[in-house]
Amino acid sequence: MDYETLLFELKPLLDIKQLKVANIDESNVQVYTSALEKCSQGARIESNRTIIGRSGLLDSLTESLAFLLEQEFTVDTQSNKNILLIISEIVRVLANSFADNDDNRNIFFDKNRFLANPIIETYFAKVLALNLQQNDPDVIITLQMRLAAMVKNLIVDNRNYVNHYAAFLCPTSYLRLDSINLTSENEVQMALFVAELIDAILEFDKKGATLDEMKIVSTLYYQLSTYITSASIEIDDGDDEEPLIELLATLTNIAEIVFSIDGTFNFDKQQETKDIIQKNILQTIDNLEELKFHNKLIIMRRLVTTSGYIASDKSNTTHSEMNMCLNHLRNENPSPYTIGAIFINITNAIRSTEESKKLEQTLSIPDIICYSKKLSDPVQFQGVLDLLKKVLNLSNTLLLPNDSLQGIANLLTYSNEQAQYFQGLIPLVNGLLNKLLTVIPSSKIEFIFQGNLSEGFVKLICKNGSISASLALDKLLLVKNPIKKDITDRLWECLFHFDQVAKENNTSESANVYLLFQVAKTLGVYLRNTIDKPTEIQDFLLYQYEDQLVFLLSQIIDLRDKNVRGSESAMNNGKFVAGLIIDAKKSVRTTDDDRLLAICKQFF
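Numbering (this note's numbering), first residue to last: 338 to 941.
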């Protein structure tokens, strides 16, 4: 960068006391813009950025920029293309000078704050509000793009700057995104810079947006998805710098960040706006489903997650989007990601048994299972797992056809496999599994454990832990046709693993009362059904798992004098088991140091 030559060419522009707008015409605009272009190109190099800051050129350019903006927007009544061209080039130099250079940022904000404040607080909005119909659109769009880039480079990664200027920048930025011509490459690029500025602000200020502004964002990414699809735009799957996709990715990230903060909006007071946003999300997902493009997985997951944030927000109590979701499910041939988002919405709308029963009149369990077969990405399964947990009950499970049971078992085993890629599925899989094992009758569970599904299902139960194994054994101990001994042995082993869990949690206090209740309940069922077979009890239970039984009963005894929820029920089950063990031991020889018999007698 020939610094001395640039200073000579820019001297009339930098002499703010002598600068007169009337003297800027076609003859010298070319000189100024050419010199400024060389300066902006030089500012891409770190050493040149340092020179621009330390030499005073940054100060002079800031003064000239403030003066020209004032002349353009305050003094003159009509826009001057020549002035706008020079403003645009100065902004470009400053944008490059601020990139990764805190010293230059501090010069602008601290040394020149009386100039910096109006540039950002006043003229940023005026530039973004310029009417493209009354000015040269290419000049305006380029200026808007450069100004957004300059401000982003100024405030990025700086909480203080963001907190101070966000209120001046965001409303205008969102408003500018409300009227983007997607057929114009320059305008798409400008929208991307504006969106990236918003994205940078959201790193520190996530609560500044309004729901109407989020409607603008969702409408734009819906329009983007429609344009890309309908215009048959060729998108290179490996191109991570395609502006349309970059803009789509940035907009979806903005929405996900803003909606992730529960309680930011009052959805019940803006139901129509909320419903439009949700509809935009679903339609965008449908539009993008068949396309191949860079970062597709990330974008699709963001859309599903955003819809889920809205559905689960504490202010969304009316769930007015419920009918829209059901209609979309029935009439629009929804894509797998859309189905995933719809099920998240529906399950968040179900908050009582009555609502669950009402839903079944419109959307049956076999229908839910049928839709779930289209899902593949782990994120898509969140809603359906939780929804089935809510709708399954003793009555409808009894009437479920075997193919639906098989569908639920397949869903659980597949979701369990996918949980290694998305940890958020684990509690949902566990919740549905335990609900199914709780409500399914023995006559139905027999089908699962005697079919091709048994191995995967047993693995899932054992992975889930003692409670699931206990719930399964409760039912299997009552089936008419005996289940393979290998299966029940593995379930018993899993059930008795509870003692290791409790010991690893350090003390008996950490043992879950419900776990103690459930394990004791299962043991009671087994002992009651085999009380006439003392040898079997002695060989299998009292000998093989004596240590675990002692540990279980001692933990239940510890609850005797504690006011813990469920402790009385656990004590009753423990007492029942202790009585049956005492009866069983009457027919076998015991020793004076029989620890199990001793702990059993403490219940009486």
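Don't be surprised by glycine CBs; every beta carbon is placed ideally from N, CA and C. Bear in mind that the values here come from a model prediction, so they are computed numbers and not experimental data.
Query, Result
"Take lysine 711 and list the residues in its own chain whose beta-carbon comes closer than 7 Å to its own, dropping the five residues that flank it on each side.", "Pro673 and Ile676"
"For alanine 503, collect the residues of the same chain with a Cβ closer than 6 Å to its Cβ; drop the 5 residues on either side in sequence, then sort them by chain order.", "Ile538, Asp542 and Gly545"
"Looking only at its chain, what residues have a beta carbon closer than 8 Å to the beta carbon of asparagine 733, apart from the 5 residues adjacent to it on each side?", "Glu697 and Ile702"
"Would valine 595 and threonine 589 qualify as a contact pair, given that the criterion is a beta-carbon distance under 9 Å?", "no"
"Once DSSP output is grouped into helix, strand and coil, what is the label at leucine 729?", "coil"
"What would DSSP say about threonine 867, mapped onto helix, strand or coil?", "coil"
"Can you give the Cα-Cα distance for phenylalanine 604 and serine 652, rounded to whole angstroms?", "6 Å"
"Would you identify the three-state DSSP class for proline 671, choosing helix, strand or coil?", "coil"
"Does the beta-carbon of serine 392 have 16 or more other beta-carbons within 10 angstroms, so that it is buried, or is it exposed?", "exposed"
"Give a yes or no on whether the C-beta atoms belonging to isoleucine 687 and cysteine 662 are separated by under 9 Å.", "no"
"I need the straight-line Cα distance from isoleucine 874 to lysine 922, nearest angstrom please.", "9 Å"
"Between isoleucine 919 and leucine 860, what straight-line distance do the alpha-carbon atoms span, to the nearest angstrom?", "14 Å"
"Using the rule of at least 16 other Cβ atoms within 10 Å of the residue's Cβ for burial, across every protein chain shown, is threonine 654 buried or exposed?", "exposed"
"Thinking C-beta only, is leucine 749 closer than 9 Å to leucine 773?", "yes"
"Check for me: the alpha helix (DSSP H) holding lysine 543 runs from which residue to which?", "Neither: lysine 543 is in no alpha helix (DSSP H) and is coded neither H nor E."
"With distances taken between CB atoms, is the gap from serine 779 to lysine 812 smaller than 9 Å?", "yes"
"Can you give me the C-alpha to C-alpha distance between asparagine 438 and arginine 386, rounded to a whole angstrom?", "8 Å"
"Whose CA, out of Gln355, Val766 and Glu905, lies closest to the CA of proline 715?", "Val766"
"Just to confirm the assignment, what range does the alpha helix (DSSP H) spanning aspartate 740 have?", "739 to 755"
"Identify the continuous alpha helix (DSSP H) that holds lysine 899 and give its terminal residues.", "Run containing lysine 899: none; DSSP gives neither H nor E here."
"Could you check whether phenylalanine 786 and lysine 821 sit closer than 9 Å to each other, using their CB atoms as the reference points?", "yes"
"To the nearest angstrom, report how far apart glutamine 719 and phenylalanine 530 are at their CA atoms.", "34 Å"
"So, helix, strand or coil for phenylalanine 941, using DSSP?", "coil"
"Taking the C-alpha atoms as reference points, what is the distance between lysine 463 and isoleucine 613?", "29 Å"
"If you scan the stretch 557 to 639 from start to end, which runs of the alpha helix (DSSP H) of 4 or more residues do you find wholly inside it?", "580 to 596 and 608 to 625"
"Quick one: is serine 805 buried, meaning 16 or more other Cβ sit within 10 Å of its Cβ, or exposed?", "buried"
"Out of curiosity, what's the CA-to-CA distance linking threonine 370 and valine 428?", "11 Å"
"When burial is assigned at 16 or more other CB atoms within 10 Å of the CB, is lysine 899 buried or exposed?", "exposed"
"Whose CA, out of Asn497, Gly744 and Glu609, lies closest to the CA of glycine 788?", "Gly744"
"DSSP on leucine 712, reduced to helix/strand/coil?", "coil"
"For isoleucine 942, I'd like the list of residues in its chain whose CB is within less than 6 Å of its CB, leaving aside the five on either flank, ordered along the chain.", "Look at the range of the chain in this structure, 338 to 941, and you will see that residue 942 is not part of it."
"Is glutamate 533 buried or exposed, if buried means 16 or more other CB atoms sit within 10 Å of its CB?", "buried"
"My understanding is that threonine 643 touches alanine 592, with C-beta atoms under 8 Å, so please give their C-beta distance in whole angstroms.", "5 Å"
"Can you give the Cα-Cα distance for leucine 467 and isoleucine 477, rounded to whole angstroms?", "7 Å"
"Where lysine 633 and threonine 563 are concerned, what is the direct C-alpha to C-alpha distance, given to the nearest angstrom?", "15 Å"
"Have a look at Val887, Val914 and Ser425 and flag the residue whose alpha-carbon is nearest the alpha-carbon of aspartate 931.", "Val887"
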